[in-house]
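Every letter in the sequence shown is one number past the one before it in our numbering, and letter 157, counting from 1, is 999.
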Amino acid sequence: MKRYSETVASIIIWFTVISQFYLMIMNRQTEILETTVRFFSFFTILTNTLVALYFSTKAFKLKTFPFTIFNKAGALTAITTFILIVGLVYQIALRGIWQPTGFQYIVDELLHSIIPLLVLIYWYFYVSKLDLKFESVSKWILYPIFYLLFVLLRGHFSGFYPYPFLNISNIGYLNAFKNIGLIVLLCLSILILLVFLGKKLPRIQNVEHTYN
């Protein structure tokens, strides 16, 4: 059942990410290369891609670099945290200003609502003890920090910011860095909460994978 769930999840998530790329290319307002860079500038896309890679690694038992990173202790809890951030930020800050329709609506709901929920359910049933060591999980906080720094640096030179709450040109440095602080704090809070709740689960899984 676990392998089946991982296979189905990887297919659904890859389909969703590829579909969003197709939609963005079809509706692009700049050249394809710049559109592709902008596509991967969205935390939603990067994180859903990480989730897809995680499930692909598990489903197909990939053990070569770079897939080995997804077999390390803390990977599942960290990735669950980040996809929950995707969902929460969207519901709180973006849903009211973005009204997709048609196929875009379906893809949008998959990216921001359905996939985060599916990952949380998977985490609940299959998290292992090694995924609940904060010292292992905390290293992953570098991912959103580096992402935010990249977005701000690229935005400074290109003028493109993927999210309005990071757009320094419109909201200024002070508000942008306040928002960044809130996002990092939210990441840490969810990481800590998942580690705490995971240790309370009555049916916490024994380690069934080799962690490197």
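Yeah, the Cβ is synthetic: ideal placement off N, Cα and C, and Gly gets one too.
- For residue 1034, same chain residues with a beta-carbon under 8 Å away, outside a window of 5 residues either side, are 976 in chain order.
- Here the segment 896-916 does not lie against the segment 860-879, with fewer than 3 beta-carbon pairs under 8 Å apart.
- If you draw a straight line from the Cα of residue 947 to the Cα of residue 1005, it is about 18 Å long.
- In this model, residue 1041 and residue 974 are separated by some 7 Å (Cα to Cα).
- By the Cβ test, the segment 952-971 is in contact with the segment 912-923, since at least three Cβ pairs between them sit closer than 8 Å.
- Look at residue 970 here: in three-state DSSP terms it is strand.
- Ranked by Cα distance from residue 934, the first of 1028, 914, 1038 is 1028.
- Rounded to whole angstroms, the Cβ separation of residue 858 and residue 949 is 6 Å, and the two are in contact under 8 Å.
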